[in-house]
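Engineer: Residue numbers (the working numbering), protein chains in the order written: chain A, 290 to 424; chain B, 290 to 424.
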DNA sequence: TAATAACCTACTAAGTCGATAGGTTAATAG
DNA sequence: CTATTAACCTATCGACTTAGTAGGTTATTA
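#1: Pull the bridge partners of residue 416 of chain B from the DSSP assignment, please.
#2: For residue 272 of chain B and residue 325 of chain B, what's the separation of their Cα atoms in angstroms?
#3: In the DSSP assignment, find the beta strand (DSSP E) that holds residue 298 of chain A and state where it starts and stops.
#4: Decide if residue 311 of chain A is buried, meaning its Cβ has at least 16 other Cβ atoms within 10 Å, or exposed.
#5: Taking 8 Å as the threshold (C-beta atoms), are residue 301 of chain A and residue 319 of chain A in contact?
#6: Compute the Euclidean distance between the alpha carbons of residue 308 of chain A and residue 337 of chain A, then round it to the nearest angstrom.
#7: Give a yes or no on whether the minimum CB-CB distance between residue 384 of chain B and chain A is below 8 Å.
#8: Identify the contact partners of residue 370 of chain B in chain A, using a Cβ-Cβ distance below 9 Å as the criterion.
#9: Taking 7 Å as the line, does the beta carbon of residue 296 of chain B fall inside it for any heavy atom of the ligand SAH?
#10: Closer than 7 Å by beta-carbon distance: list the chain B residues that pair up with residue 423 of chain A, in chain order.
#11: Can you tell me which of B/358, B/387 and B/304 puts its alpha carbon nearest to the alpha carbon of residue 352 of chain B?
#12: Check the Cβ of residue 334 of chain A against every Cβ in chain B and list those closer than 8 Å, keeping chain order.
#13: My output table needs one value for residue 381 of chain A: the three-state DSSP class, helix, strand or coil.
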């Protein structure tokens, strides 16, 4: 299940990407328009800023703005930051690999075999979609 | 993240499918071989029996056995029973559809648009794999 | 009749999620 | 120079889920 954090994060980024001008967008505006708790959204946008997706400006007329072009922001990157690993099992994760303590060997593990395929197909979809595709 | 319930369930089913004879396999044997808490595994196998994947036999020489051929058991079916919806968001789920309370319309929702693609590719992988493929 | 193994019910420690509360800091307007 | 604005930061919390544990009962076989 996708967490609300990730869900709201994607919605917020899309909202910002849809702006005709590149002016900063305020958290309150996004929260209102997308029906998101403003405080919760604040923490999400903060993560996205610290991860290099967004820039920010304080004070009146401030807000958040995209640093890169929407075409250059892959969904894999966004989801890895907000949701964590894309793989459903750590032993098939490319970026967060971890050995299972119970499995003697991965080669003969049925779960491993299946989840590698799931990971690859998911990775394929998320890698081909950019923020621009969701606008 | 895949729950241990599902992970263990798949491992157990694979273990049973690997048996040369169709004799019942005991929970204790699977638990020992796959490093799973026996009590926890019991509850999982019970679910799989009630869902029609396994048959059971009590008393000495008893255990669990496959009801259908491994080739006829799709991974989609197993995962739906143990893990629940395959879709990452209820609003794109085929079997457990639920409207988002925050979204005004799904057509313009970026998360919806993306997660439909993820669902389809995952469904494709899990639908093409049967228990026999993981043996 | 004893042993075996499935079956059933209830409970729990630990962790995560989605928020809320209550501030501080920096930029702008007047 | 002061007030306002909006990002930024820290702490806390209730509700829920997960992965088990405990302690039995029922049905089958030897």
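For each residue, glycine too, the CB sits at the ideal point set by N, CA and C.
Structural biologist: Straight from the coordinates:
#1: Start at 1 with the first residue of the second chain, and residue 416 of chain B comes out as number 127. As computed with DSSP, residue 416 of chain B is found in no beta bridge at all.
#2: Limits of chain B in this structure are 290 at one end and 424 at the other, which puts residue 272 of chain B out of reach.
#3: Taking the first chain and counting its residues from 1, one reaches residue 298 of chain A at position 9. Counting along the chain, residue 298 of chain A falls outside any beta strand (DSSP E), though it belongs to the alpha helix (DSSP H) covering 293 to 307.
#4: What you label residue 311 of chain A is simply residue 22 of the first chain in a count that begins at 1. Classification of residue 311 of chain A: exposed, given that the 10 Å Cβ count is below 16.
#5: One-based indexing of the first chain puts residue 319 of chain A at position 30. One-based indexing of the first chain puts residue 301 of chain A at position 12. Yes, the pair counts as a contact, with Cβ atoms nearer than the cut-off.
#6: Locating residue 308 of chain A in the first chain gives position 19, counting from the first residue. Locating residue 337 of chain A in the first chain gives position 48, counting from the first residue. Whole-angstrom Cα-Cα distance: 18 Å.
#7: Reading the second chain from its first residue, position 95 is the one you call residue 384 of chain B. Taking 8 Å as the threshold, the shortest C-beta distance from residue 384 of chain B to chain A does not fall below it.
#8: Indexing the second chain from 1 puts residue 370 of chain B at position 81. For residue 370 of chain B, there are no C-beta contacts with chain A under 9 Å, since the nearest C-beta of that chain is about 15 Å from it.
#9: What this structure holds is no ligand at all, so the ligand SAH is not there to describe.
#10: As a working mapping, residue 423 of chain A is identified with position 134 in the first chain. Going along chain B in sequence order, the residues near residue 423 of chain A (Cβ under 7 Å) are 399, 402 and 403.
#11: For the purposes of this step, residue 352 of chain B is taken as residue 63 along the second chain, with counting starting at 1. Checking every option, the nearest Cα to that of residue 352 of chain B belongs to B/304.
#12: Translated into the one-based positions of the first chain, residue 334 of chain A becomes position 45. What residue 334 of chain A touches in chain B: nothing, since even the nearest Cβ is about 16 Å away.
#13: Taking the first chain and counting its residues from 1, one reaches residue 381 of chain A at position 92. In this structure, residue 381 of chain A counts as helix in the three-state DSSP scheme.
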